[in-house]
Amino acid sequence: MPRIRTVLGDIHPEELGPTLSHEHIICDFIGAYRANRYRYDPGEAFEVMLPYLKAVHRLGITGFVDCTPAYIGRDEKLLARLSSASKVHILTNTGLYKEPFLPRYVFELSEDEVANVWSSEVEEGINGTSVRAGFVKIAVNPGKVIPIQQKIIRAAVYCSLRTGVSVMCHTGEREAAMSFLRIALHEGADPGKLIVAHCDSVEDVNCHIEIAKKGAWLGYDGIGASTCERDMKLIEVILKHGLEDRLLLSQDAGWYNVGEWRGGKIRDYSFLVSSFVPMLEKKVRKELVDSMLVNNPAKAFNMS
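Position 82, counted from 1, in the sequence shown is what our numbering calls 132; the numbers after and before it change by one each time, with no gaps.
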């Protein structure tokens, strides 16, 4: 059955609406062995971040994919509160980032056992709550993928095959992106369940085309971080190849930074819809832009 798994429960893909497919609400980069819920006040984080979600909701965004994994700040209870208060459908994830943000269990357990841990967060709930993960988020270093990251990729694919969720991988560099794709496909992953995050940071646009032609998703999720001209040119190239149905647009914005006063300097979520989309619509038909923001995320995160 078609469904998107949000922090408040499952919805039909058509309910998701215009979606930011790669953002962050809270992060803690102190390291896996020191990160914990006692390092910040969830009430303050809620108070600080709610206005940002309400603001982007007023601009028409109704879907929000939070890409902060466990051990760098994922807080399922906070996300559920924010979703309820903002009326934005929020997705959270299972999976892990990369060193030094990896817990001991990922080194000690087999790939199959790690996949069991993650599948439980998709199917049963996170940390004993009713909040369930709607996708897997992992990461690889630039260049050659090291053994522990290969293990994590395989575990993520096994979780995807068991539960139907998609796998998003932080890349940003050609070799890392292609290695993720190669390993995942070798393990039997559905390419339509693979999201190459930060693909817009990969310099070689031929790499983008190759990824999209394989059926995986291109995460153009750094919009607003560099020049809009470069983002526009990348999108135009993808459109010329008829691959617009493989694009996910977002900003990698936010977030409440644990350890800084009231979360530090937060980059709001509005640039994509308030500034970039109007510029894009001068060059691209509005129907295509709407499809990138609505249809593509609904397909990319569909668990069926």
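Glycine included, each C-beta is placed from N, C-alpha and C at the ideal position.
Compare the Cα-Cα distances from residue i to each of the options and report the closest residue.
| i | options | result |
| --- | --- | --- |
| G67 | L103, G110, G193 and E73 | G110 |
| T179 | V57, V344, F321 and M99 | V57 |
| L268 | S71, A85, K201 and D60 | S71 |
| S299 | G314, R317 and D250 | The question names Ser, yet the displayed sequence has Leu at residue 299. When only C-alpha atoms are compared, the closest one is D250. |
| D162 | G175, I202, N177 and R154 | I202 |
| I140 | G314, A247 and L129 | L129 |
| I259 | E294, I188, G175 and P52 | E294 |
| E237 | A205, R317 and H220 | A205 |
| G113 | E65, G309 and D91 | E65 |
| G9 | D125, V334, V323 and D78 | This structure cannot settle anything about residue 9, because the visible part of the chain is limited to 51 through 354. |
| Y255 | S170, K104 and L284 | Looking at the sequence provided, one finds Val at residue 255 rather than Tyr. Among S170, K104 and L284, the Cα nearest to that of V255 belongs to L284. |
| E279 | A120, P101, E149 and K332 | K332 |
Starting from residue i, follow its DSSP beta bridges and name the residues at the other end.
| i | result |
| --- | --- |
| D60 | R55 |
| L235 | DSSP output for L235 lists no bridge partner at all. |
| G110 | Note: G110 sits in no beta bridge, so no partner. |
| S216 | F185 |
| H258 | BP columns for H258 are empty, so no partner. |
| L103 | Beta-bridge pairing links L103 to no other residue. |
| H139 | G113 |
| N307 | C77 |
| G269 | L298 |
Quick one: grab the DSSP three-state call for residue i.
| i | result |
| --- | --- |
| H72 | strand |
| I202 | helix |
| A247 | strand |
| D281 | helix |
| R317 | strand |
| M353 | coil |
Report yes if the C-beta distance between residue i and residue j is below 7 Å; otherwise report no.
| i | j | result |
| --- | --- | --- |
| V215 | V186 | yes |
| R296 | A275 | no |
| V195 | R182 | no |
| Y90 | V308 | yes |
| E225 | G193 | yes |
> Taking the runs of the beta strand (DSSP E) that are 3 residues or longer, which of them lie wholly in the region 142-196?
Replying inline: 143-145 and 185-189, all fully within the region 142-196.
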